[in-house]
Structure formats: structure tokens, C-alpha cells
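*Asks:* Residue numbers (the numbering used here): 177 to 420.
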């Protein structure tokens, strides 16, 4: 497989550039997202928010698109399930139901960005970003598209609040809300960064005897990114290899 290169990146999080509700409101207006849920708006904000680093205004129509999330639009899913339990079938809101599926955000993004390349919505509880990067690399290697836009989204809600109790070894604290946009290719260009993706990124620690051991890096978000990796993604002037 050819190497994977990060051509452009935006990361919105507490550790980098946070997204305010005013930012999301501006995205809703600019992208005509009147009925979209917050998860979809976060996905659109990854490339359309006025804040953050510069990002290409347009992309080739054949660009591939991958959205990745561990929990997906879980707030919308739970609201839909509450409606199903509380109301007769003919009173369930169809708009809310249609936004409760994982690929709804990808469909919106394809329309907003006018791209028609291969589109996937990736989800998983174990290293979902690794799976998405592998898929991007496969699409590029197969010449299915010249570029891949990978959008990672994790929205804070009841599931993220419960994560420390459900999986304390993985989430000692509540996972962060994060939105990232990664424009990927297999071509090394000026300013691009080679991406080295591992299913279980590790950090080295000293044992005090002159040796070191490796242990899994603590995930700051459900995508599997550590705080250090999130900060490195935001370093636009850094051209060193990026290990995720």
C-alpha cells in the first residue's frame, strides 16, 4: 500500500479551536441546514465553520468522503427512541428519524460540497479512526478517487457522559467533543504530512532502570485520538510524520 499523506486539516476541540454555538448557527445559515440535527451541523462545521485553519473552498467532484464516529448521532437516536416509546407510530417525527442514521451526515456533506466520489459512514467502538484511515488508503490505492475527505465527529451527550462509568479503563474522564476534517492523498506535496496510523497508538514510559515500556496512549475522545495527537493535527506548520 502507498503511504498516506495529510494535505490539509482542521480540528475543533477544547484543546485546539473550540466551536461555539454561534459558529454552528453561522454554518446552519450558510449551508441551509434548517432541519439538520446538531451532529450533522458539527460535520458541516468541520469544513465550513468560519473559525479555524484555512481549508479549500471547493474540492474535485470525484473526491471520496468518509465520516467516522464511535457513537454517531446518539442524541438524535435516543430522542427518536423516546418518541417511539411515548407516541403512536403515526406521530413519530420523520425528520428526526431520518437524522438518526449514521450516514445522514455524509449525505448532507456530499450535497454541501458537491462531491460525488465513493462515500462511506464508518462507526465502531474500537479504534474507529484507524478503520477510516485504512479505508481511505484502500480507496486511494485502488484509484477510486484522487482525494479522500475524512470527517471525524463526536458529539457530547448522554453516552459520552456515561463513558467513564461504562469503560473506566478506556475513559477515565468524559470523552471530548471533537470535529476534524482531514484531506488525504497518496501524493507527497509541499507542506503535506505522512500519516502513520496504528490501531493502538502507544506512548513510551521509563521504568527507572534504563528501560522503557509501551502502553496504550490514553484516548481523549471516542475516535481514539490522544490529547497529544489532537494537538499535533492542529499544527498546520508542522511537516513531520503524523502518528495516529
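C-beta atoms are modelled at their ideal positions from N, C-alpha and C, and glycine is treated no differently.
Since we're looking at a predicted model, the values are computed, not measured.
How long is the line joining the alpha carbons of residue 268 and residue 295, rounded to whole angstroms?
*Replies:* Looking up residue 268 in the chain shown gives position 92. Looking up residue 295 in the chain shown gives position 119. One C-alpha to the other measures close to 29 Å.
*Asks:* Which value, in whole angstroms, describes the spacing of the CA atoms of residue 302 and residue 346?
*Replies:* Counting from one through the chain shown, the residue named residue 302 turns up at place 126. Counting from one through the chain shown, the residue named residue 346 turns up at place 170. Cα-Cα distance, rounded: 10 Å.
*Asks:* Kindly indicate if chain C contains any beta-carbon less than 8 Å away from that of residue 253.
*Replies:* The structure shown contains no chain C; it is built from a single protein chain.
*Asks:* State the beta-bridge partners of residue 419 as determined by DSSP.
*Replies:* In the chain shown, residue 419 corresponds to position 243, counting from 1. 372, per the DSSP bridge assignment.
*Asks:* For residue 406 versus residue 187, is the C-beta spacing smaller than 8 Å?
*Replies:* For the purposes of this step, residue 406 is taken as the residue at position 230 of the chain shown. For the purposes of this step, residue 187 is taken as the residue at position 11 of the chain shown. In contact: residue 406 and residue 187 (Cβ atoms closer than 8 Å).
*Asks:* Name the DSSP beta bridge partners of residue 357, please?
*Replies:* As a position in the chain shown, residue 357 is number 181, starting the count at 1. DSSP, once it has assigned bridges, lists 186, 327 as partnering residue 357.
*Asks:* Check whether the Cβ atoms of residue 181 and residue 363 lie closer than 8 Å to each other.
*Replies:* Along the chain shown, one-based indexing puts residue 181 at 5. Along the chain shown, one-based indexing puts residue 363 at 187. Yes, the pair counts as a contact, with Cβ atoms nearer than the cut-off.
*Asks:* With a CB to CB cut of under 8 Å and the five nearest residues on each side skipped, what residues in its chain are close to residue 221?
*Replies:* Numbered from its first residue, the chain shown carries residue 221 at position 45. Around residue 221: 188, 195, 199, 200, 203, 355.
*Asks:* Quick one: residues in its chain with C-beta nearer than 6 Å to the C-beta of residue 185, no 5 flanking neighbours on either side, listed in chain order?
*Replies:* Start at 1 with the first residue of the chain shown, and residue 185 comes out as number 9. Contacts found: 358, 409.
*Asks:* Please determine, among 239, 238, 219, 250, the residue with the shortest C-alpha to C-alpha distance to residue 336.
*Replies:* Residue mapping note: residue 336 aligns to position 160 of the chain shown, counting from 1. When only C-alpha atoms are compared, the closest one is 250.
*Asks:* Looking only at its own chain, which residues have a Cβ that is under 7 Å from the Cβ of residue 217, when we skip the five neighbours before and after it?
*Replies:* Looking up residue 217 in the chain shown gives position 41. Around residue 217: 200, 203, 204, 209.
*Asks:* According to DSSP, residue 298 sits in a beta bridge with which residue or residues?
*Replies:* Here residue 298 corresponds to residue number 122 of the chain shown, with the count starting at 1. Residue 298 is bridged by DSSP to 244.
*Asks:* Grouping DSSP H, G and I as helix and E and B as strand, with all else coil, what is residue 263?
*Replies:* Taking the chain shown and counting its residues from 1, the one referred to as residue 263 is at position 87. Three-state result, residue 263: coil.
*Asks:* For a test of the three-state rule: what should DSSP assign to residue 193, helix, strand or coil?
*Replies:* For this step, residue 193 is matched to residue 17 along the chain shown. Three-state DSSP puts residue 193 in a strand.
*Asks:* Tell me whether residue 351 is buried or exposed, calling it buried when 16 or more other Cβ atoms sit within 10 Å of its Cβ.
*Replies:* Position 175 of the chain shown, counted from the start, is the residue given in the question as residue 351. Buried: at least 16 other Cβ atoms inside 10 Å.
*Asks:* Under the three-state reduction of DSSP, which class applies to residue 269: helix, strand or coil?
*Replies:* Residue numbering aside, residue 269 sits at position 93 when the chain shown is read from its first letter. Reduced to three states, the DSSP call for residue 269 is coil.
*Asks:* So, residue 239 versus residue 323, is the Cβ gap smaller than 8 Å?
*Replies:* Counting from one through the chain shown, the residue named residue 239 turns up at place 63. Counting from one through the chain shown, the residue named residue 323 turns up at place 147. Yes. Within cutoff.
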